[in-house]
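In what follows, a single structure is set out as C-alpha cells and then discussed.
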Amino acid sequence: MSRASSHALKHPPVTAPSDNPAGATSPFPEIAVAIERDRRRGRGAQSNDSGRYEAEARVAFDDGWQSLDDLPPFKTTVSLDTSRKVITRNDSPDIGFDRSINPYRGCEHGCVYCFARPTHAYLGLSPGLDFESKLLAKPDAPELLEKELAASDYEARMIAIGTNTDPYQPIERERKIMRGILEVLDRAGHPVGIVTKSALVTRDIDILSRMAKRNLVKVALSVTTLDPKLARTMEPRASTPPKRLEAIRRLTEAGIPTTVMVAPIIPALNDSEIERILDAAAHAGAKEASYVLLRLPLEVRDLFREWLMANYPDRYRHVFTLIRDMRGGRDYDSQWGTRMKGTGPMAWMIGRRFEIACEKLGLNKRRTKLSTDHFAKPKRNGQQLSLF
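Here the sequence shown is numbered in my numbering, starting from 69 and rising by one per residue.
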C-alpha cells in the first residue's frame with residue numbers, strides 16, 4: 069500500500085461524458101481505482117477511496133510481488149455507536165418530517181446510488197465499500213428513545229425511520245434494534261413513518277398492526293426496478309423486487325397503510341419501468357406512491373460513475389447527459405424544492421408520467437395522516453405514578 073497526500077491523486081476528477089467516452093483510460097493509470105471483483109463480491113461499490121476529510125489517501129497498486137493476492141475480501145463488521153441521543157432533528161423545508169431515527173450507520177444493502185454514503189466520511193471511513201461493510205449499530209436506541217420521549221419539553225410529531233440507512237438491513241435479523249424501537253413507540257402511542265427496501269419489515273407485523281389500529285404507523289417500500297439482474301447489480305443485498313411486492317401485500321392485508329416509492333428514478337436505466345412498478349404495487353395493495361430522482365451528492369457521483377462504467381458502459385454518456393439536463397447542467401443540484409424532482413423538460417415528463425399512472429391506478433386518492441392523540445409520555449425512572 070502507498071500513500072499520496074495530493075488532493076488530485078486522492079480524488080481524481082470525474083470527466084464529462086463528452087470528454088471521457090466509455091472505454092477511455094483513466095487520467096491516473098498508476099492508480100487502481102476499482103477493487104478486485106473477488107474481494108468485493110456481493111457489494112455495490114467498485115472502490116473504497118478515502119473519505120474527503122482524510123489528510124492522506126491509501127491506494128492499492130501491484131508492486132510486482134503479488135501483494136494484492138494476500139488481501140482478504142470485504143467482510144461485514146459491526147461496531148457499537150455510543151451516541152447519547154437517538155432522535156435527529158432537521159429543518160429541511162422540502163421533507164415532511166422534522167425528526168428521524170437511524171438504528172444503524174452504514175448499510176449492508178450496498179445500493180450504489182445511496183445518498184447516505186457520504187456520511188461515512190464523518191467517521192474517517194470510505195463512502196465506498198466501507199459504507200456497506202463497516203457498520204455501526206445503536207443497541208441502546210430503544211432505551212435512549214424512551215428517555216427522550218419522557219422529557220418534559222417533548223412534543224409528539226411523526227418520527228421517520230429509514231430516511232438515511234435502512235432499519236431492516238440484514239444485521240437487524242440478529243440485533244433487533246428496530247423491533248425494540250417499535251415496542252417503545254407502540255407503548256407510548258407515538259406515530260412513526262418507516263421507509264425500507266427489506267421484506268424483513270413483515271417480521272414486525274404484530275406490532276405494526278396494533279399501531280395501525282390507532283393510526284400510528286405507515287410503511288413505504290422502495291421498489292427501484294422489477295428487473296432482477298439490475299436489482300442484484302445495483303442493490304446487491306436488498307430484498308428482491310418480488311419479495312418487496314409480497315411485503316406490500318402482507319402489510320396491506322394486516323391493515324397497515326402502505327406506500328410504494330419508485331426511488332430513485334435513473335434516466336435511461338429504470339425510468340421506463342415507472343408505470344409497471346406502480347401497477348405491480350397497486351395490485352399488491354399499495355394505496356399511495358411517491359418518487360425521487362437520482363441524487364449524486366459528493367462521493368456518490370464518483371461511485372455511481374464507476375458502477376455505471378463497470379456494468380453499463382454503453383449507457384454512461386447518455387445517462388449522465390440526461391442527469392445534467394435535469395440538474396441545471398450539473399451532476400447534482402442540492403437546492404431546496406428541486407433536489408428530489410429535478411428541473412427541465414425531462415424531469416417534467418417523468419413527473420407527468422408518474423401522476424398519470426397514479427391517477428389511472430387510483431393511487432394517492434387519500435393521504436394517510438398519522439395521529440398524535442394517543443401519545444403518553446413514558447414514565448421516567450423514579451417518577452411517581454399518578455393515582456388517577
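The C-beta atom is built at its ideal place from N, Cα and C for all residues, glycine as well.
With distances taken between CB atoms, is the gap from residue i to residue j smaller than 9 Å?
i	j	result
ARG109	PRO141	yes
ALA102	SER118	no
ILE178	ALA113	Note that residue 178 is Gly in the sequence shown, not Ile. Result yes, Cβ atoms of GLY178 and ALA113 sit closer than 9 Å.
GLU303	VAL180	yes
LYS433	ASN283	no
SER294	LYS355	With the sequence shown as reference, residue 294 is identified as Leu, and Ser is not the correct amino acid for it. For LEU294 and LYS355, no; Cβs fall outside 9 Å.
ILE239	VAL146	yes
THR231	SER307	no
LEU212	VAL154	yes
ALA415	LEU371	no
LYS409	GLY397	no
VAL269	ALA209	no
ASP198	ARG407	no
ARG448	ASP399	no
ALA357	ARG317	no
PRO186	GLU374	no
GLU200	ARG305	yes
ILE342	ARG435	no
ILE262	PRO235	yes
Can you list, in chain order, the residues of its chain with a C-beta nearer than 6 Å to that of residue i? Leave out the 5 residues immediately preceding and following it.
i	result
TYR121	ALA189
THR233	ASN170, TYR172, CYS175 and ALA184
MET279	ASP254 and VAL285
LEU319	VAL287 and THR326
GLY91	Only weak support is given to the placement of GLY91: the predicted model assigns it a pLDDT of 38, under 50, and the question is left unresolved by the model.
SER290	LYS265, MET329 and ALA331
MET377	TYR384
ARG457	No statement about residue 457 is possible, as the shown extent of the chain runs from 69 to 456 and does not include it.
ARG243	ALA205
PRO446	GLU214, LEU217, ALA218 and ALA256
THR301	ASN379
ALA299	THR293 and PRO309
SER439	ASN283
Who are the Cβ neighbours of residue i in its own chain at under 8 Å, not counting the five residues just before and after it?
i	result
SER277	ALA322, GLY323 and ILE324
THR93	Here THR93 scores only 38 on pLDDT, less than 50, and its place in the model should not be relied on; the value that follows carries that caveat. Around THR93: no qualifying Cβ.
THR156	ARG167, SER168, ILE169 and ASN170
TYR222	GLU216 and LYS445
SER73	In this prediction, SER73 has a pLDDT of 38, which is less than 50 and means its spatial position is unreliable; nothing more can be read from the coordinates.
SER160	TRP404
ASP339	ILE333 and ILE418
Tell me which residues share the same chain as residue i and place their Cβ nearer than 7 Å to its Cβ, disregarding the 5 neighbours each side in the sequence.
i	result
PRO97	Note that PRO97 scores 36 on pLDDT, short of 50, meaning its location in the model is unreliable; the coordinates nonetheless yield the value given after this. None.
ASP441	none
SER402	PRO365
PRO89	At PRO89, the pLDDT of 39 sits below 50, so the modelled position is not reliable; the number obtained from the coordinates is stated separately. Excluding positions up to five away in sequence, the list reads ARG385.
ASP149	ARG173, LEU204, ALA205 and LYS206
ASP87	Any reading at ASP87 is ruled out, since the residue's pLDDT is 42, under 50, leaving its predicted position unreliable.
GLY412	ASP393 and MET394
ARG241	LEU268
ARG363	PHE183, PRO332, TYR400 and ARG407
GLN237	TYR172, CYS175, GLU176, HIS177 and SER266
THR457	Residue 457 cannot be examined here, being either before or after the span of the chain that is shown, 69 to 456.
GLY196	ALA113, SER115, ASN116, ASP117 and LEU371
When DSSP builds the beta bridges, which residues end up paired with residue i?
i	result
GLU356	THR327
ILE333	LEU361
ALA350	For ALA350, which the question treats as bridged, DSSP gives no partner whatsoever.
ALA205	LEU148 and TYR172
Between residue i and chain C, is any beta-carbon pair separated by less than 9 Å?
i	result
PHE422	Judged by its chain identifiers, the structure shown contains no chain C, having just a single protein chain.
(message) In chain order, what are the residue ranges of uninterrupted alpha helix (DSSP H) at least 4 long that sit wholly in the stretch 143 to 201?
(response) Whole alpha helix (DSSP H) segments, 4+ residues: 197 to 201.
(message) Does the stretch 417 to 431 come into contact with the stretch 333 to 350, if we say contact requires no fewer than three beta-carbon pairs (one atom in each stretch) closer than 8 Å?
(response) Contact between the stretch 417 to 431 and the stretch 333 to 350 is present, because at least three Cβ pairs lie under 8 Å.
(request) Decide yes or no for the touch test of the stretch 251 to 270 against the stretch 214 to 227: beta carbon pairs closer than 8 Å, at least 3 of them. (result) Taking a cut-off of 8 Å on C-beta distances, the stretch 251 to 270 touches the stretch 214 to 227, as three or more cross pairs fall below it.
(request) Could you tell me whether the stretch 381 to 396 touches the stretch 324 to 343, where touching means 3 or more Cβ pairs closer than 8 Å? (result) Enough Cβ pairs lie closer than 8 Å, so yes.
(message) Does the contact criterion of 3 or more C-beta pairs under 8 Å hold for the stretch 244 to 253 versus the stretch 306 to 313?
(response) Output reads no: the stretch 306 to 313 does not touch the stretch 244 to 253.
(request) May I have a chain-ordered list of the alpha helix (DSSP H) segments no shorter than 4 residues that lie completely inside the stretch 217 to 248? (result) List check, alpha helix (DSSP H) in window: 240 to 243.
(request) Tell me the start and end of each unbroken alpha helix (DSSP H) in the stretch 375 to 456 that is at least 4 residues and wholly inside, in chain order. (result) Qualifying alpha helix (DSSP H) stretches, in chain order: 384 to 393 and 413 to 429.
(request) Enumerate, from N- to C-terminal direction, the unbroken alpha helix (DSSP H) stretches of 4 or more residues contained entirely within the stretch 245 to 327. (result) Inside the stretch 245 to 327, DSSP marks whole alpha helix (DSSP H) runs of 4 or more residues at positions 245 to 256, 273 to 281, 296 to 302 and 309 to 321, from first to last along the chain.
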